[in-house]
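J.: Could you have a look at this structure, given as structure tokens, before my questions?
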Amino acid sequence: MRIARFVTDAEPSYGLVTGGEGEETIIQLNGDPFYQGIQQTETTHRLEDVRLVAPIIPRSKVIGVGRNYADHVKEMGGETPVSPLLFLIPNTAVVGPNEPVTMPSFSEEISYETELAVVIGRICKDVPVDRVEEVIFGYTVANDLTARDAQRTDGQWARAKGFDGSTPLGPWIETDLEPEGLRISGRLNGETVQDGSTSEMIFGVAELIAYISQAFTLLPGDVILTGTPAGVGLLSPGDRFEADIEGIGTLVNHFRN
Numbered sequence: 001m002r003i004a005r006f007v008t009d010a011e012p013s014y015g016l017v018t019g020g021e022g023e024e025t026i027i028q029l030n031g032d033p034f035y036q037g038i039q040q041t042e043t044t045h046r047l048e049d050v051r052l053v054a055p056i057i058p059r060s061k062v063i064g065v066g067r068n069y070a071d072h073v074k075e076m077g078g079e080t081p082v083s084p085l086l087f088l089i090p091n092t093a094v095v096g097p098n099e100p101v102t103m104p105s106f107s108e109e110i111s112y113e114t115e116l117a118v119v120i121g122r123i124c125k126d127v128p129v130d131r132v133e134e135v136i137f138g139y140t141v142a143n144d145l146t147a148r149d150a151q152r153t154d155g156q157w158a159r160a161k162g163f164d165g166s167t168p169l170g171p172w173i174e175t176d177l178e179p180e181g182l183r184i185s186g187r188l189n190g191e192t193v194q195d196g197s198t199s200e201m202i203f204g205v206a207e208l209i210a211y212i213s214q215a216f217t218l219l220p221g222d223v224i225l226t227g228t229p230a231g232v233g234l235l236s237p238g239d240r241f242e243a244d245i246e247g248i249g250t251l252v253n254h255f256r257n
């Protein structure tokens, strides 16, 4: 199932996206599917008649994983981590599909990073690897924007990774997906700049969630970013970036000063 959040002329609602490309409709859901399950109403809209917003605003946290693709580690000149490299992102960093992202005034080097994002569906702690599937609600596409100059100078990544608008998510959450071996790509102004596979992750989804949940209690709606393949580069005002993951869809954002 594809679960989206959308706006017509009122507060955001959750909806179930159905139909093929170009013919999608969205069935409004009753309440919050993270706590009330998937309860369909009789209200439907054409997808083109609503505005999609971020499919989830994390209740608690976004957890990023750095340097989780070997080719990306190589292009950044770092060393392959022996355990997952984690960082936290505030939920104020989250924006949705087709939303313009204002580039922060403190940085002149904002880069894109297409990433598979995991959305947690239930409260959990110390999850065994073989039970990880039980705590996953679904998957969405992320663009883990990074202020590279701040990342170099700050010594820690809170500002570089957590500025307002740094974590676009969307277009929806896909609940029925096997995360291994998915094509993951990014296009900058129509040109393919990232092209990899989730099979190239150093630490897979199950391993990441088991590891992360040893440190943090995970809550429904928490989001885990799983790293980016090679091909990262810088954005400029006026750019359009499309982050695409097989089986989910395409997240599009524009950038401005």
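So in the numbering used here, spot 21 of the sequence shown is number 21, and the numbers just go up one at a time.
C-beta atoms are modelled at their ideal positions from N, C-alpha and C, and glycine is treated no differently.
Taking DSSP's pairing of strands, which residues face L107 in a bridge?
T.: On the sequence shown, residue 107 is found 107 positions in, with the first residue counted as 1. Note on identity: in this sequence residue 107 is Ser, with Leu being the wrong assignment. For S107, which the question treats as bridged, DSSP gives no partner whatsoever.
J.: Less than 8 Å between the C-beta atoms of G64 and I89, yes or no?
T.: Numbered from 1 along the sequence shown, position 64 holds the residue referred to as residue 64. Numbered from 1 along the sequence shown, position 89 holds the residue referred to as residue 89. Closer than 8 Å, so yes.
J.: How would you call V127, buried or exposed, if buried means at least 16 neighbouring beta carbons within 10 angstroms?
T.: The sequence position of residue 127 within the sequence shown is 127, counting from 1. Buried is the call here.
J.: Does G19 have its Cβ less than 8 Å from a Cβ in chain C?
T.: Among the chains of the structure shown, chain C does not appear; only one protein chain is present.
J.: Is there at least one non-hydrogen atom of the ligand FMN closer than 7 Å to the beta-carbon of E242?
T.: The ligand FMN is absent from the structure shown, which contains no ligands of any kind.
J.: Would you mind reading off the limits of the beta strand (DSSP E) that contains V223?
T.: Residue 223 sits at position 223 when you count from the first residue of the sequence shown. 223-225 is the extent of the beta strand (DSSP E) around V223.
J.: How far does the alpha helix (DSSP H) with Y211 in it reach, from first residue to last?
T.: Sequence index remark: in the sequence shown, residue 211 carries index 211 (1-based). Element bounds for Y211: 205-215.
J.: To the nearest angstrom, how far is the alpha carbon of H72 from that of T41?
T.: Position 72 of the sequence shown, counted from the start, is the residue given in the question as residue 72. Position 41 of the sequence shown, counted from the start, is the residue given in the question as residue 41. Their Cα atoms are separated by approximately 44 Å.
J.: What distance in whole Å lies between the Cβ atoms of P168 and L235, which are believed to be in contact at a cut-off of 8 Å?
T.: Within the sequence shown, numbered from 1, the residue matching residue 235 stands at position 235. Within the sequence shown, numbered from 1, the residue matching residue 168 stands at position 168. The pair is not a contact, with the Cβ atoms about 12 Å apart (cut-off 8 Å).
J.: Note the first and the last residue of the continuous alpha helix (DSSP H) segment covering Y35.
T.: Mapped onto the sequence shown, residue 35 falls at position 35. Looking at the DSSP string, the run of the alpha helix (DSSP H) that includes Y35 is 33-36.
J.: Just the Cα atoms here: how many angstroms apart are R159 and E108?
T.: The residue labelled residue 159 in the question sits at position 159 within the sequence shown. The residue labelled residue 108 in the question sits at position 108 within the sequence shown. Between R159 and E108, the C-alpha separation is close to 13 Å.
J.: Around the C-beta of S199, are 16 or more other C-beta atoms found within 10 angstroms, so that it is buried, or is it exposed?
T.: As a first step, residue 199 must be located in the sequence shown, where it is residue number 199. Classification for S199: exposed.
J.: Give me the Cα-Cα distance between F87 and V62, rounded to the nearest whole angstrom.
T.: On the sequence shown, position 87 is the one that residue 87 refers to. On the sequence shown, position 62 is the one that residue 62 refers to. So the alpha carbons of these two residues sit roughly 9 Å apart.
J.: Which value, in whole angstroms, describes the spacing of the CA atoms of L52 and A4?
T.: Within the sequence shown, residue 52 is the residue found at index 52, counting from 1. Within the sequence shown, residue 4 is the residue found at index 4, counting from 1. If you take the alpha carbons of L52 and A4, they lie about 7 Å apart.
J.: Assign V50 to one of three DSSP states: helix, strand, or coil.
T.: For this step, residue 50 is matched to residue 50 along the sequence shown. Looking at V50 - three-state DSSP - the assignment turns out to be coil, as it is neither helix nor strand.
J.: Which term fits K125, buried or exposed, when burial requires 16 or more other beta carbons within 10 angstroms of its beta carbon?
T.: Locating residue 125 in the sequence shown gives position 125, counting from the first residue. Result: exposed.
J.: Please confirm whether N143 and N253 have their CB atoms less than 8 Å apart.
T.: Within the sequence shown, the letter at position 143 stands for residue 143. Within the sequence shown, the letter at position 253 stands for residue 253. It is a contact, given that the beta carbons lie within the stated cut-off.
J.: Please tell me whether Q194 and P229 are closer than 8 Å, where the distance is taken between their beta carbons.
T.: As a position in the sequence shown, residue 194 is number 194, starting the count at 1. As a position in the sequence shown, residue 229 is number 229, starting the count at 1. A contact, by the Cβ cut-off of 8 Å.
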